[in-house]
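>
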Amino acid sequence: MEVKEATGRLGVLLPGLGAVATTLIAGVEAVKKGIAQPIGSITQMGNIHLNRKSGNNYPKIKEFVPLANLGDIVFGGWDVYEDNVYVAASRAKVLEQHTLDALRPELEALKPMKAVFDKSYIKNLDGTHVKEGANKMVLAEMLMEDIAKFQDTRGCDRLVIVWCGSTEKYIEPSEVHATLAAFEKGLRESDPRIAPSMIYAYAAVRMGIPFLNGAPNLTVDIPAIVELAKKTETPIGGKDFKTGQTLMKTILAPGLQARALGVKGWFSTNILGNRDGYVLDDPDNFRTKEVSKLSVLEDILRPDLSPELYNELYHKIRINYYPPHGDNKESWDNIDIFGWLGYSMQIKINFLCRDSILAAPLVLDLALFGDFAKRAGLSGIQEWLSFYFKSPQTAPGQRAEHDIFKQLTVLQNTLRKLMGEELVNPEGLTYAEEEITA
Ligand SMILES: NC(=O)c1ccc[n+]([C@@H]2O[C@H](COP(=O)([O-])OP(=O)(O)OC[C@H]3O[C@@H](n4cnc5c(N)ncnc54)[C@H](O)[C@@H]3O)[C@@H](O)[C@H]2O)c1
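Per the working numbering, the sequence shown starts with residue 629, numbered consecutively.
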């Protein structure tokens, strides 16, 4: 398989220039200026083990795989509020003001394009920087014009889109999402079951631009967009960035399961006070997030295989809007486990995290890997990027993999395979024998 080189500029377009997106943009600008490090991004800081007999067996991923350089990234985006990125980042209060001030000219220059928005999908937002069009197909065409204009004026060779917009209300896939023909008819008729995020996804995928979804909305996780992605040979992926509490869950649960320890209950609660928290304060929007977060434990613990350990599992998740905490989400987990002869134990986690600090490097990696996937000729659902998502999109009928360590192995083996390297054999014995005979 030949992977095309990452020559020229990469345009990274972000629908939703809120806390996560502005933290990413300011972060990349700070790294470019040499005033900060891209911590948490495995494309920038991670290494990969290669099964080579000689030479560097642990190169940096960015040295092993042809990824776009940060210096070649050009950002753009849409929002329902007119604030430029400097103002939006200052409002979000994730990064310290002196850091933003050091980057002010670059951030101020970045102004959002008018959004495709529908208040019925997000009741708690009231922005007016919004496109108007005769129907949803017209709105999709307006987005395609935005994208083409951006590419032209900013001199981008390639583009990638990562949805960083708010969580939309909960909807289930229905017949309008079932085929491309039904979806396009639905766009022309402004079917209310087509969410704004799906209109962005349609516009991008029709143009062959990779689209990754950081929110729990369906967006690209509908047969119509999967069909379009195959037709236009476009990589897609989602959904919901895996940060904070779910990150901890998918680190800890595989360990408990590996040691055949039982789990009776897992109660998770959060407080957060950013705009994301405000949007999730609406029960329809919270439901979308709840469904995304709930799938994780069952898939890792597999009560179907070990009913004696996990059949009783009670999993409860709460998110509470609490303005004083801003973006500094605090989460508590109470985990009731049991061990030898059924004796019970408890684990408590109190994670004082920073939501957007955890999410920003994921957006960067998804943008770079999405672009890489396109250059490698991959298309459709990119399951190898499940590592980044709370609720990974899979082919129909496939189980999602949630175990973060297995997800990492899949990601790294995909990179090895695409780069023509041997897959790393997980059999310890084979390694030991090779060492001895070498
Ligand atoms: N921060 C995290 O750790 C994390 C983790 C997982 C998922 N997410 C998801 O990422 C998304 C962004 O999070 P955030 O903290 O930046 O939220 P935020 O509220 O700060 O930013 C979202 C932005 O999207 C804009 N927006 C909403 N609908 C839009 C539309 N149709 N078109 C263009 N812009 C639109 C809003 O105006 C807002 O500025 C949310 O969906 C959130 O649930 C965040």
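In this text, a Cβ means the ideal position worked out from N, Cα and C, and glycines have one as well.
Quick caveat: nothing in here was measured; it's all calculated off a predicted structure.
Using CA atoms only, rank isn't needed, just tell me which of 1006, 997, 1014 is closest to residue 692.
Selected option, being the one with the closest Cα: 997.
> Is it the case that the CB of residue 745 approaches a heavy atom of ligand 1 more closely than 7 angstroms?
Yes.
> Can you tell me whether residue 949 is helix, strand or coil according to DSSP?
Residue 949 falls in the strand class under three-state DSSP.
> Compute the beta-carbon to beta-carbon distance between residue 821 and residue 802, rounded to the nearest angstrom, for a pair I have assumed lies under 8 angstroms.
Right, their Cβ atoms sit about 6 angstroms apart.
> Terminal residues of the continuous alpha helix (DSSP H) containing residue 1000?
Unbroken alpha helix (DSSP H) run through residue 1000: 983-1003.
> If you draw a straight line from the C-alpha of residue 645 to the C-alpha of residue 740, how long is it?
Straight-line Cα distance between these residues: approximately 7 angstroms.
> Where do the N-terminal and C-terminal ends of the beta strand (DSSP E) with residue 676 fall, by residue?
Counting along the chain, residue 676 falls outside any beta strand (DSSP E), and DSSP gives it neither H nor E.
> Could you check whether residue 954 and residue 898 sit closer than 8 angstroms to each other, using their CB atoms as the reference points?
No.
> Does the distance from the C-beta atom of residue 872 to that of residue 841 stay below 8 angstroms?
Against a cut-off of 8 angstroms, the Cβ pair of residue 841 and residue 872 comes out as no contact.
> Residue range of the alpha helix (DSSP H) that residue 961 falls in?
No alpha helix (DSSP H) contains residue 961, which is instead part of the beta strand (DSSP E) from 958-966.
> Can you round the beta-carbon distance between residue 713 and residue 653 to whole angstroms, since I take them to be within the 8 angstroms contact cut?
Contact holds; Cβ gap of about 6 angstroms.
> At the level of alpha carbons, what is the spacing between residue 959 and residue 920?
Near 17 angstroms, if we compare the C-alpha coordinates of residue 920 and residue 959.
> Whose C-alpha, out of 893, 662, 793, is nearest the C-alpha of residue 730?
Checked all of 893, 662, 793; the closest Cα to residue 730 is 662.
> Report all residues from its chain with a CB closer than 6 angstroms to the CB of residue 1014; omit the five preceding and five following residues, and keep chain order.
1020, 1029, 1035.
> Starting from residue 914 and walking both ways along the alpha helix (DSSP H), at which residues does that stretch end?
First-last of the alpha helix (DSSP H) with residue 914: 911-929.
> Once DSSP output is grouped into helix, strand and coil, what is the label at residue 743?
If DSSP states are grouped into helix, strand and coil, residue 743 belongs with the strands.
> Do you know how far the Cα of residue 797 is from the Cα of residue 915?
Residue 915 and residue 797: Cα-Cα distance of roughly 7 angstroms.
> Can you give me the start and stop residues for the alpha helix (DSSP H) that residue 825 sits inside?
Run containing residue 825: 824-834, per the alpha helix (DSSP H) assignment.
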